[in-house]
Amino acid sequence: MVVAGGLLTLTVIGWSSIGSLGILFLQMAARLPVRRMNLSNRVHPTTLGHMKGYGQFCPVAKTAEIFAQRWTPLIVRELCFGPKRFTEVHGGVPLMSRALLVQRLAELEEAGVIATEPLAQGKLYRLTPAGEHLGGIVTLMSDWGQRHGQGRIAHEELDPTLLMWGMRRQISQSELPDRQIVLRFDFRGIPRAHAARRYWWMILRSDDVEVCLKDPGEAVDVVLSADLEAFVRVWMGHRGLAEAIAAGDIGLSGQPPKVAELKRVLRLSEAPALRVLAFPP
0 MVVAGGLLTL
10 TVIGWSSIGS
20 LGILFLQMAA
30 RLPVRRMNLS
40 NRVHPTTLGH
50 MKGYGQFCPV
60 AKTAEIFAQR
70 WTPLIVRELC
80 FGPKRFTEVH
90 GGVPLMSRAL
100 LVQRLAELEE
110 AGVIATEPLA
120 QGKLYRLTPA
130 GEHLGGIVTL
140 MSDWGQRHGQ
150 GRIAHEELDP
160 TLLMWGMRRQ
170 ISQSELPDRQ
180 IVLRFDFRGI
190 PRAHAARRYW
200 WMILRSDDVE
210 VCLKDPGEAV
220 DVVLSADLEA
230 FVRVWMGHRG
240 LAEAIAAGDI
250 GLSGQPPKVA
260 ELKRVLRLSE
270 APALRVLAFP
280 P
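Residue numbers for the sequence shown follow numbering that gives the first Met the number 0, so the first one is 0 and each next one is one higher.
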């Protein structure tokens, strides 16, 4: 191939066919005008709904067209824990507008990531097998964020509701105590937007975990008082519980066996140890 004087001389020296057809050789020369390629004029087609495509057949690009939309990974994160109603999904992404959530759910359904089941009122959203396959990506994103993203937590991002539901979801059935234990959480250093959610209760039963924002009227076994950011970092494993208690950032009161049970069930490590978050299935 030779380029000279703005013209391209192209020589095709051969054409290989397939199988028993043999090889057909062809030679030809052509003088074709060369024009500059303006990549900015390329059309990048849209794919599904409002999703914009990358104009590539690469599987990474095709996955990103669906999964890398704003809020979409968090929607999939919520559905990893089982089918949910619209309000339940929205509870996991409270800063997302309901209109945008409707749009994203419709796009994910069109892409085959989620399926819906009609209810007497509304719909039930669940992951399809293709959507469940994305659970592995959510797990990898969580692992990366644990290792490389925790230094980017801003004070206003500290949400006690997200923390309490996150703790509840990470407790496995095998970790639950034989007898009921009632925990009360008293957080301080809460962002103003969440100031009304300082007190929480968690009821651990042999077959269930209940989280309450209002006093359930049960006798409290253990009280955990803590600076919210300090406890988040201890629960995530970036700070040891022993050091946080020694610094006065976290306090635990209750009978020693019940306090020990709280540490075991919530997997609060005395020394820093990164928590591996589970996202079933």
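Beta carbons are placed, not taken as given, at the ideal position from N, Cα and C, and that holds for glycine.
Everything numeric in this text was worked out from a predicted model, so none of it was measured.
Residue i at chain D interface by Cβ criterion, 8 Å
| i | result |
| --- | --- |
| L182 | The structure shown has no chain D; it contains just one protein chain. |
Distance CB(residue i)-CB(residue j) smaller than 8 Å
| i | j | result |
| --- | --- | --- |
| L175 | V88 | no |
| D185 | V222 | yes |
| G236 | S268 | yes |
| L100 | V92 | yes |
| T115 | L126 | no |
| R146 | G121 | no |
| G130 | V59 | no |
| A119 | I65 | no |
| W199 | M140 | no |
| G250 | A225 | yes |
Euclidean distance between Cα positions of residue i and residue j
| i | j | result |
| --- | --- | --- |
| P44 | T62 | Note that P44 has pLDDT 46, beneath the 50 cutoff, so the model's placement of it is unreliable and the number below is only indicative. Taking the straight line joining both Cα atoms gives about 15 Å. |
| D206 | D177 | 9 Å |
| V275 | C79 | 16 Å |
| A194 | L227 | 11 Å |
| G54 | R69 | 19 Å |
| T71 | I136 | 12 Å |
| A229 | A259 | 19 Å |
| R97 | E77 | 15 Å |
| A272 | I180 | 25 Å |
| P279 | T138 | 9 Å |
| P32 | L133 | With a pLDDT of 43 at P32, under the threshold of 50, the predicted position of this residue should be treated as unreliable, though the coordinate-derived value follows. The alpha-carbon atoms of P32 and L133 are separated by roughly 47 Å. |
| V219 | L182 | 6 Å |
Residue from the options whose Cα sits closest to the Cα of residue i
| i | options | result |
| --- | --- | --- |
| A67 | L182, Q254, E106 and L157 | E106 |
| P128 | E108, A277, L182 and R266 | E108 |
| V208 | I244, R196, L261 and R238 | L261 |
| R167 | E131, T138 and M201 | M201 |
| Q169 | G52, F56, A277 and V59 | A277 |
Residues that residue i bridges to, as DSSP identifies them
| i | result |
| --- | --- |
| Y198 | D185 |
| G250 | S224 |
| L123 | R84 and E116 |
| L203 | I180 and V208 |
Cβ pair count under 8 Å reaching 3, the stretch 184–201 against the stretch 150–158: yes
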